[in-house]
Amino acid sequence: MDEILNITLLSLRVSGTSVIIGALIGIPIGTYLGMKEFRGKFAFIRFFNIMVKSIVNTFMGLPPVVVGLVVYLALAPTGPFGWLNLLYTPSAMIITQLIEVIPIIIGITMSSVSSIEKTIKERALSLGASQLQTMFLILRETKIGILTAIITAFGAAISEVGGIIITGGNIRWLTRTLTTAIVVETELGNFSMALTLGAILLTIAFIINLSLTIIQLRGMKSK
Numbered sequence: 135m136d137e138i139l140n141i142t143l144l145s146l147r148v149s150g151t152s153v154i155i156g157a158l159i160g161i162p163i164g165t166y167l168g169m170k171e172f173r174g175k176f177a178f179i180r181f182f183n184i185m186v187k188s189i190v191n192t193f194m195g196l197p198p199v200v201v202g203l204v205v206y207l208a209l210a211p212t213g214p215f216g217w218l219n220l221l222y223t224p225s226a227m228i229i230t231q232l233i234e235v236i237p238i239i240i241g242i243t244m245s246s247v248s249s250i251e252k253t254i255k256e257r258a259l260s261l262g263a264s265q266l267q268t269m270f271l272i273l274r275e276t277k278i279g280i281l282t283a284i285i286t287a288f289g290a291a292i293s294e295v296g297g298i299i300i301t302g303g304n305i306r307w308l309t310r311t312l313t314t315a316i317v318v319e320t321e322l323g324n325f326s327m328a329l330t331l332g333a334i335l336l337t338i339a340f341i342i343n344l345s346l347t348i349i350q351l352r353g354m355k356s357k
């Protein structure tokens, strides 16, 4: 029971930390990209607009094992950041998930902002609002989309296994999360433990999706 609690709390801590940091980085970037007008009559402006969106969409679909491999090589003793001694620690797992969730938060925030940005921006500027005031107004109007981005990112982080098993090492009592523990227990033939951990993970996933559904329904009613 103690080990299950340790695994669950570590999973929540690693995913929660990565999403909080990712939100602090991704929301401003997504808001800026959503507000920024890359439209124009020149072909290179339209091309730049396409490239920005394509890059964001590409990073939203980054394979976790590739992210884990890159972080591993960076944090390995022979890597550029090996002196930090972060490999096979929760910090390495947080860094891995952070790289995975930032594009998700940026992409969803950018889409939410760009969908309403033009009307609100024109209205705010006509009333004499500054660029900063306009940005905060847009953030307030897109709070449903931003919450959706955060919850979606957390759902992706808590269910991730490929990247964190590479950088965390799946060490018992130290870096073993729900997903990595399920892999180990299944390989060992301890199916009762694997099913228990799976039930906990499914419960967390259900709570995440329920929260997302409630937020979306409230957003539809408020319109």
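First residue of the sequence shown? That's 135 in the working numbering, and the numbers climb one at a time after it.
Even for Gly, the Cβ is constructed at its ideal location relative to N, Cα and C.
All of these numbers come straight from a predicted model, not from anything done at the bench.
Alpha carbon of residue i to alpha carbon of residue j, nearest angstrom
i: Ala283; j: Gly289; result: 10 Å
i: Val205; j: Ser145; result: 19 Å
i: Ile341; j: Met169; result: 32 Å
i: Thr230; j: Val148; result: 10 Å
i: Ile316; j: Trp307; result: 14 Å
i: Leu139; j: Leu351; result: 33 Å
i: Asn191; j: Lys277; result: 21 Å
i: Asp136; j: Leu143; result: 11 Å
i: Leu167; j: Asn324; result: 48 Å
i: Ile239; j: Leu218; result: 27 Å
i: Ile233; j: Val201; result: 7 Å
i: Ser249; j: Gly156; result: 22 Å
i: Ala258; j: Ile280; result: 20 Å
Secondary structure of residue i, DSSP reduced to three states
i: Phe215; result: coil
i: Leu113; result: Any property of residue 113 remains undetermined from this structure, which presents the chain solely from 135 to 357.
i: Asn324; result: coil
i: Thr436; result: Within the shown structure, residues of the chain are numbered from 135 to 357, placing residue 436 beyond reach of any answer.
i: Thr223; result: coil
i: Gly195; result: coil
i: Leu273; result: helix
i: Leu261; result: coil
Boundaries of the alpha helix (DSSP H) in which residue i is found, first to last residue
i: Leu281; result: 277-292
i: Ile300; result: 296-302
i: Thr320; result: 312-321
i: Thr165; result: 136-169
i: Tyr206; result: 198-209
Cβ of residue i within 8 Å of any chain C Cβ
i: Leu261; result: Considering every chain present, this structure includes no chain C. It has just one protein chain.
- Query: On the three-pair Cβ rule with 8 Å, is the segment 237-247 touching the segment 155-170?
  - Reply: Touching, yes, given that three or more Cβ pairs across the two stretches are closer than 8 Å.
- Query: Is the segment 329-343 touching the segment 289-305, taking contact as three or more C-beta pairs under 8 Å?
  - Reply: Per the Cβ contact rule, the segment 329-343 is in contact with the segment 289-305 (3 or more Cβ pairs under 8 Å).
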